[in-house]
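*Asks:* Residue numbers (our numbering): -7 to 58.
Got a structure for you, questions after.
Listed below in structure tokens is the structure:
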């Protein structure tokens, strides 16, 4: 089975960015784009709802080495 020309790699829980980049390279890809999005948690204080960022999700888009 051949590999896809584009793949997305998410930084896993407890994994550093360098570890993720090494995993991308080991699978034969090179990163072309990095995106981050916050993960929010809903908290109720005095009857009002607040959304607070608790962590972030980092995803690398990578292309296959040719």
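The C-beta atom is built at its ideal place from N, Cα and C for all residues, glycine as well.
Report the rounded CA-to-CA distance for residue 36 versus residue 17, giving the unit in angstroms.
*Replies:* Taking the straight line from one Cα to the other gives about 43 Å.
*Asks:* On a CA-only basis, which of -4, 11, 48, 1 is nearest residue 28? Give me that one, please.
*Replies:* For the residues -4, 11, 48, 1, the minimum Cα distance to residue 28 belongs to 48.
*Asks:* Between which residues of its own chain and residue 41 is the CB-CB distance below 8 Å, once the five residues before and five after are set aside?
*Replies:* Hits under 8 Å: 34, 35.
*Asks:* Cα-Cα, which of 52, 31, 58, 39 is closest to residue 46?
*Replies:* Ranking the options by Cα distance to residue 46, first place goes to 31.
*Asks:* What do you get for residue 57, buried or exposed, if any count of 16 or more other CB atoms within 10 angstroms of its CB means buried?
*Replies:* That one is exposed.
*Asks:* Can you give me the Cβ contacts of residue 60 inside the same chain, cut-off strictly under 7 Å, excluding the 5 residues immediately before and after it?
*Replies:* Nothing can be reported for residue 60, as the shown portion of the chain is limited to -7 through 58.
*Asks:* Report whether the distance from the Cβ of residue 55 to the nearest heavy atom of the ligand FMN is below 7 Å.
*Replies:* The ligand FMN is absent from the structure shown, which contains no ligands of any kind.
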